[in-house]
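Colleague:
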Amino acid sequence: MKLYLPVLFAAATMLFGCSPMESEDEKRLAENDKLIQSYITANSLSPTKQPNGLYYQQKNSIPGNRKPELGDQIALNLVIRNLSGTIINDYYQVTPFKLVYHPGGTSFTALLEGAQYLREGESILLLAPYFMAYGSGDLKDSTGRLLLPGYSPVRVDMTLAKVRNEEEQIKQYLVDNRLTPTDSTTDGLRYIRTKAGTGAAITNGKYVKLKYTGRLITGGKFDESTDGSYSLTMGVANVISGFSKGLLMMKEGEKATIIFPSALGYGTQGYPNPNGNGYYIMPYSPLVFDIEVVSVN
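So the sequence shown is numbered by numbering that gives the first Met the number 0: it starts at 0 and just counts up by one.
1. In whole angstroms, what is the alpha-carbon distance linking Asp186 and Phe259?
2. State the start and end residues of the unbroken beta strand (DSSP E) segment that holds Ala255.
3. Which parts of the region 51-104 are runs of the beta strand (DSSP E), unbroken and 3 residues or longer, counting only runs that do not cross its ends?
4. Between the beta-carbon of Gly52 and the beta-carbon of Pro148, is there less than 7 Å?
5. Checking 7 Å against the spacing of the C-beta atoms, do Gly204 and Glu253 come in under that value?
6. With a floor of 3 residues, list each beta strand (DSSP E) that falls wholly inside the region 102-188, ordered by position along the chain.
7. Go ahead and pull the three-state DSSP assignment for Lys244.
8. Check whether the Cβ atoms of Val155 and Leu111 lie closer than 7 Å to each other.
9. How far does the beta strand (DSSP E) with Tyr38 in it extend, from its first residue to its last?
10. Smallest Cα separation from Ser294: which of Lys208, Pro271, Ser243 and Pro50?
11. Going by CA-CA distance only, name the one from Arg177, Ile123 and Ile280 that's closest to Gln57.
12. Should Ser151 go down as buried or exposed, given a rule of 16 or more other Cβ atoms within 10 Å for buried?
13. Which stretch, first to last residue, makes up the beta strand (DSSP E) that contains Leu209?
14. Output needed for Lys220: all residues of its chain with C-beta closer than 6 Å, excluding positions within five of it in sequence on either side, in chain order.
15. Name the two residues that bound the continuous beta strand (DSSP E) containing Glu291.
16. Specify, as a first and last residue, the run of the beta strand (DSSP E) that Gly227 falls within.
17. Between Leu77, Ile35 and Val99, which lies nearest to Asp89 when the distance is taken from Cα to Cα?
18. Can you list, in chain order, the residues of its chain whose CB lies under 8 Å from that of Ile216, leaving out five sequence neighbours each side?
19. Looking only at C-alpha atoms, which of Asn81, Leu146 and Arg163 sits nearest to Asp71?
20. Measuring alpha carbon to alpha carbon, tell me which of Gly227, Val292, Ile35 and Tyr38 ends up nearest Lys194.
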């Protein structure tokens, strides 16, 4: 089950930098750099070049504003264009792009590297080689129309709209969903009872059957068992601690929503995707569970 603790993987040795691959990719990177330099000249830009091939030019400065820290959620207003000026993606104001400020936060690594230069409200222009953007494959829309050929550099105009730590994310989730905690713990768990239970209380050693749905605080569902067949023995099953702590507040027949920070979930390691491509649950992710206790024995 996805509730179980994952194998821990070694942390990345660098924060957001990445390096291009060798041989053919080096050739492609050199071609990208020529295209970017021509674009810079044609548009009278004066960016700074990083060793990995990313160019950046900060547009404004707001000293004293908040900078993101590792594990924060960042919201970005951004427009991504090819070097001919055609818009590829537009996340501006109404629908900011949200991600975790962490090396694995997105495969579009130019966004993470650009964010490290910014404070809230500041903007930046990025000229990114292909491997920091959409990669080597063709980018197509849902109809199959080609949006961007593989190995293409892009321009990104980006503003750091908002920075939130996990506690702030949880508080905002409660406000947005009009939830008032019934109880809470000193380590950040919120318990919202939605139906009182009248049966036996859950304690260690009890055999419990449940229905549950697990979601990220950003809304995406990552796991569920809603037919009442999921079971565990409290104090024996190796489930994440936030899930266990929440259950110990419940009785048979009870329904509740529990929300807790990543320290009670998958922590700074996250839950790596079993196929080796990124994460199933990102590091530093607060989690939400809707739970119904079917039986306690």
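Yeah, the Cβ is synthetic: ideal placement off N, Cα and C, and Gly gets one too. These numbers come from a predicted model, not from an experiment.
Modeller: Working from what's here:
1. Approximately 8 Å between the Cα atoms of the pair.
2. Annotation for Ala255: the continuous beta strand (DSSP E) segment containing it runs Lys254 to Phe259.
3. For the region 51-104, whole beta strand (DSSP E) runs of length 3 or above, ordered along the chain, are 54-57, 72-81, 86-90 and 96-99.
4. Contact: no.
5. No.
6. Uninterrupted beta strand (DSSP E) stretches at least 3 residues long and entirely within the region 102-188 occur at 122-127, 145-147 and 153-163, given in chain order.
7. When secondary structure is reduced to three states using DSSP, Lys244 falls in the helix class.
8. Cβ atoms of Val155 and Leu111: not closer than 7 Å.
9. That residue, Tyr38, is in no beta strand (DSSP E); its alpha helix (DSSP H) goes Glu23 to Ala41.
10. Comparing Cα-Cα distances from Ser294 to each of Lys208, Pro271, Ser243 and Pro50, the minimum goes to Lys208.
11. Among Arg177, Ile123 and Ile280, the Cα nearest to that of Gln57 belongs to Ile123.
12. The residue in question, Ser151, is buried, as its Cβ has 16 or more Cβ neighbours within 10 Å.
13. Under the DSSP assignment, Leu209 falls in the beta strand (DSSP E) whose first and last residues are Tyr206 to Leu215.
14. Excluding sequence neighbours, Lys220 sits near Arg214.
15. In the DSSP assignment, Glu291 falls within the unbroken beta strand (DSSP E) covering Leu286 to Val295.
16. It spans Lys220 to Thr232 - the beta strand (DSSP E) in which Gly227 sits, taken as one unbroken run.
17. Measuring from the Cα of Asp89, the nearest candidate turns out to be Leu77.
18. Only Gln168, Ile169, Tyr172, Ile258, Ser284, Pro285, Leu286 and Val287 meet the Cβ criterion.
19. Out of Asn81, Leu146 and Arg163, Arg163 has the C-alpha closest to the C-alpha of Asp71.
20. Nearest C-alpha to Lys194 among Gly227, Val292, Ile35 and Tyr38: Val292.
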